[in-house]
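Here the structure comes first, spelled out in structure tokens, and everything after it is commentary.
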Amino acid sequence: MEYVINHVHIRAADPRATAAWYEKFFNAKIIAEREVMPGTITITTEVGGPVRLNISSQPEGSSKETSPAELNRLGLEHFGFNVDDLKAELDKFQKAGVRVVLPSTEVTGGTKLAYIEGPDDVLIELVQRP
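Residue numbering for the sequence shown follows this note's numbering, starting at 1 and increasing by one per position.
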């Protein structure tokens with residue numbers, strides 16, 4: 001069997017505000033909002049590909065602890081988006097006050113990448129292929 005990633009799932013303090021952020025910066029399209037676990041909402045978005053981005057509130061009584069959006073942390077470190085013009089994207093994020101964790105860096109083969117901090121301490125990689 002070939003496995004294909006179905007979705008990336010984020011827990012958010014305010015799922016509607018987080019979904020709006022992904023709409024603003026990544027042209028995410030909200031396709032559903034529903035209660036999946038009792039007392040929570042899950043907003044499902046499409047962001048330019050087959051993998052969906054789900055954003056959910058926390059069930060009551062869950063821990064409010066977060067960890068900073070930093071490279072090299074254990075667990076799910078980050079997810080990435082392809083971009084056509086990394087410089088233009090970084091300019092857009094910086095003008096909006098979004099924290100740049102790692103500025104534009106060129107890696108082997110001419111690929112350029114950078115990391116930004118999304119809502120709820122999510123680390124996001126931006127990748128520009130040559």
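Built from N, CA and C at the ideal position, the CB exists for glycine as well.
Boundaries cannot be given for Lys64, as no beta strand (DSSP E) includes it and DSSP labels it neither H nor E. In this structure Ile43 touches Glu33 by the C-beta definition: roughly 5 Å separates them, less than 8 Å.
By the criterion of a C-beta distance shorter than 7 Å, Leu86 is surrounded in its chain by Ser104, Lys112, Ala114, Leu126, Gln128, once the five residues flanking it on both sides are discounted. Taking a contact to require three or more Cβ pairs closer than 8 Å, the region 114-124 and the region 68-86 qualify as touching.
Relative to Phe93, the option among Gly49, Glu117, Met1 whose CA is nearest is Glu117. Distance from the CA atom of Asp120 to the CA atom of Glu2, rounded to whole angstroms, is 32 Å. Burial state of Leu90 is buried, judged by a 10 Å Cβ sphere holding 16 or more other Cβ atoms. Close CB contacts of Asn6 within its chain, under the 8 Å cut and outside five residues either way in sequence, are with Val51, Arg52 (chain order). Contact check for Ser67 and Arg11: beta-carbon distance about 12 Å, past the 8 Å limit, so the pair fails to qualify.
Nearest neighbour of Ala13 by Cα position, chosen from Ala69, Lys64, Gly110, Gly97, turns out to be Lys64. Secondary structure note for Gln58: it is in no alpha helix (DSSP H), with a DSSP letter that is neither H nor E.
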